[in-house]
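**Student:** Position 315 (the sequence shown) corresponds to 302 in our numbering; numbering is contiguous.
The C-beta atom is built at its ideal place from N, Cα and C for all residues, glycine as well.
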Amino acid sequence: MAKLEERQALPEEDLRDFFREMLLIRRFEEKVEERFRAGELPGFLHVAIGQEAVAVGVCRALEERDVMASTHRAHGHTLARGTPPNALMAELYGKVEGCSRGYGGSMHLYDVERGNLGANAVVGGGLPGIVGAALAFKLRGEDRVALAFFGDGATNIGTFHESLNLAQLWGVPAVFVCEDNHWAESTPASQHLPIRDLEQRAVAYGMESTKVDGQDVEAVYGATAQALEHARSGRGPFFLLCETYRLVGHYVGDPQVYRPKDELARLRETEDPIDKLRERLGLSDEEVEEVDREVTGIVETSVEFAKNGTDPEPGDALKNVYA
Ligand SMILES: Cc1ncc(C[n+]2csc(CCOP(=O)(O)OP(=O)(O)O)c2C)c(N)n1
Ligand SMILES: [Mg+2]
């Protein structure tokens, strides 16, 4: 396990900006849940309410030239990486104006121009591509890092092990960000992980790693900056374990019968990353309301934009199909 060096606290202005971004993601996902339940959105949706500090802390530490890959729980990562809310909402509505031109939906969000190599419906599906991108950066001598998000459940998948193995063997500039929310669908970590401490996954491959409180955006930002520095300076890949909480069901509509009844209420009380940052910044009710009004307005606008978007032509269904 790598020791985190003492880092200077971030300026308050940056933290206020993180607060705004996290609240935007929260309001966006609440709206998505609402519109899905109203029957307006096709497909299957997973929101990441409770995990906003990981999305914002990690993505804000990335340089513009870096690339990342996401998971099935991708809205926050995508917004934090800079995809406009309008383009994301339009994608969820299946419109041509969407970031994947309406072909993808929630689990296939792409924005290659912004260094987002995509969400992935296949658990662990993003990791091999990230190792490939990192290998390309190394071979071309480019000063870039490739970063993969994935969950605790994904650490049981073959592609996870193949990816860490090759990344370490080749010494590529990759960062592996595990969002440990302690659940894989309805299966608790105690039933899907043979080990308690997920950092041991990295130890198995001789990879440097560290663990961070995923509900503390400042800590996530600092740890990611160090992980990126490690990879960028030619010292090989890095494994970053973020301890976080899914404050909602696995999918929108999940009745969560498998979850202890008091767990959600307790976690919402103690582990909400937005409440934590609000407290850290000492924001007044008026200050929060002002930010809330602004981001809620952005979300409302994105819904209008998406509803007025263009439906794809049925004849275009097979365009961009390669295999
Ligand atoms: C290869 C594969 N196996 C199974 C699934 C079904 N599945 C979708 S999400 C999920 C749980 C993933 O858990 P985790 O990686 O911890 O991510 P989280 O949902 O907690 O964010 C599973 C098993 C899948 N999509 N892909
Ligand atoms: Mg999980």
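1. Tell me whether the stretch 49 to 58 and the stretch 266 to 282 touch, counting them as touching only if at least three CB pairs, one residue from each stretch, are closer than 8 Å.
2. Ser87 and Leu96 look like a contact to me (Cβ under 8 Å); what is the Cβ gap, rounded to whole Å?
3. For Ala210, report the span of its beta strand (DSSP E) as first-last.
4. Could you check the C-alpha separation between Arg60 and Ala161 for me, to the nearest Å?
5. Is Phe6 near ligand 1, going by C-beta to nearest heavy atom under 8 Å?
6. Comparing the CB of Glu16 with every heavy atom of ligand 1, is any distance shorter than 8 Å?
7. From the DSSP output, read off the bridge partner residues of Pro175.
8. Considering Phe6, what are the terminal residues of the alpha helix (DSSP H) in which it resides?
9. Who sits around ligand 2, taking every residue whose Cβ is closer than 6 Å to one of its heavy atoms?
10. Please classify Arg13 as buried or exposed, where buried requires at least 16 neighbouring CB atoms within 10 angstroms.
11. What first and last residue would you give for the alpha helix (DSSP H) that runs through Thr65?
12. Looking at the secondary structure, which residues open and close the alpha helix (DSSP H) in which Leu104 lies?
13. What residues match up with Thr288 in a beta bridge as DSSP calls it?
14. Nearest to Phe23 by CA position, among Leu153, Val275, Ala74, Gly92, is which residue?
15. Does DSSP put Glu39 in a helix, in a strand, or in coil?
16. State the DSSP-derived secondary structure class of Thr297, mapped to helix, strand or coil.
17. Among Phe124, Trp170, Gly158, Gly119, which one has its Cα closest to the Cα of Gly318?
18. May I ask whether a heavy atom of ligand 1 can be found less than 8 Å away from the beta carbon of Pro62?
19. Report the rounded CA-to-CA distance for Pro29 versus His62, giving the unit in angstroms.
20. For Val109, is the classification buried or exposed, using 16 other Cβ atoms within 10 angstroms of its Cβ as the cut-off for buried?
21. State the Cα-Cα distance for the pair Arg246 and Thr142, rounded to the nearest angstrom.
22. Check Ser150 in the structure and name its three-state DSSP category.
23. So does His237 have its beta carbon nearer than 8 Å to some heavy atom of ligand 1?
24. With DSSP collapsed to three states, give me the class of Gly138.
25. Does the stretch 203 to 217 touch the stretch 40 to 54, meaning 3 or more C-beta pairs lie closer than 8 Å?
26. Which residue marks the beginning of the alpha helix (DSSP H) containing Asp262, and which one marks its end?
27. At the level of alpha carbons, what is the spacing between Phe31 and Arg101?
28. What span of residues does the beta strand (DSSP E) with Glu129 cover, start to end?
**Tutor:** According to the data block:
1. no
2. In the sequence shown, residue 87 corresponds to position 100, counting from 1. In the sequence shown, residue 96 corresponds to position 109, counting from 1. Indeed, because the Cβ distance is near 6 Å, the residues count as touching under 8 Å.
3. Position 223 of the sequence shown, counted from the start, is the residue given in the question as residue 210. Careful: Ala210 lies outside any beta strand (DSSP E), inside the alpha helix (DSSP H) at 204 to 219.
4. Against the sequence shown, residue 60 aligns to sequence position 73. Against the sequence shown, residue 161 aligns to sequence position 174. Cα to Cα, Arg60 sits roughly 21 Å from Ala161.
5. Walking along the sequence shown from the start, residue 6 turns up at place 19. Phe6: no, Cβ never under 8 Å from ligand 1.
6. On the sequence shown, residue 16 is found 29 positions in, with the first residue counted as 1. Result no, Cβ not under 8 Å from ligand 1.
7. To locate residue 175, count along the sequence shown from 1; it is residue 188. Partner(s): Trp170.
8. Taking the sequence shown and counting its residues from 1, one reaches residue 6 at position 19. Taken as a continuous stretch (DSSP letters only), the alpha helix (DSSP H) holding Phe6 covers -1 to 24.
9. Gly138, Asp139, Gly140, Asn168, Trp170, Ala171
10. Within the sequence shown, numbered from 1, the residue matching residue 13 stands at position 26. Its Cβ being crowded by 16 or more others within 10 Å, Arg13 is buried.
11. As a first step, residue 65 must be located in the sequence shown, where it is residue number 78. 62 to 67 is the extent of the alpha helix (DSSP H) around Thr65.
12. Stepping through the sequence shown from its first residue, residue 104 is reached at position 117. It is not in any alpha helix (DSSP H) - Leu104 carries neither H nor E in the DSSP assignment.
13. Locating residue 288 in the sequence shown gives position 301, counting from the first residue. Per DSSP, none; premise fails for Thr288.
14. In the sequence shown, counting from the first residue as 1, residue 23 sits at position 36. Phe23 has its Cα closest to that of Gly92, out of Leu153, Val275, Ala74, Gly92.
15. Against the sequence shown, residue 39 aligns to sequence position 52. Helix.
16. For the purposes of this step, residue 297 is identified with residue 310 of the sequence shown, where counting begins at 1. In this structure, Thr297 counts as coil in the three-state DSSP scheme.
17. The shown model of the chain, from -12 to 310, leaves out residue 318, and the question about it has no answer.
18. Within the sequence shown, the letter at position 75 stands for residue 62. Note that residue 62 corresponds to His in the displayed sequence, not to Pro. No.
19. Residue mapping note: residue 29 aligns to position 42 of the sequence shown, counting from 1. Residue mapping note: residue 62 aligns to position 75 of the sequence shown, counting from 1. One C-alpha to the other measures close to 15 Å.
20. Counting from 1 along the sequence shown, the entry for residue 109 is found at position 122. Counting Cβ neighbours within 10 Å, Val109 comes out exposed, since fewer than 16 surround it.
21. Residue 246 sits at position 259 when you count from the first residue of the sequence shown. Residue 142 sits at position 155 when you count from the first residue of the sequence shown. One C-alpha to the other measures close to 22 Å.
22. Taking the first residue of the sequence shown as 1, we reach residue 150 at position 163. Looking at Ser150 - three-state DSSP - the assignment turns out to be helix.
23. As a working mapping, residue 237 is identified with position 250 in the sequence shown. The answer is yes for His237.
24. Stepping through the sequence shown from its first residue, residue 138 is reached at position 151. If DSSP states are grouped into helix, strand and coil, Gly138 belongs with the strands.
25. yes
26. Walking along the sequence shown from the start, residue 262 turns up at place 275. Residues 260 to 268.
27. Position 44 of the sequence shown, counted from the start, is the residue given in the question as residue 31. Position 114 of the sequence shown, counted from the start, is the residue given in the question as residue 101. About 25 Å.
28. Here residue 129 corresponds to residue number 142 of the sequence shown, with the count starting at 1. Run containing Glu129: none; DSSP gives neither H nor E here.
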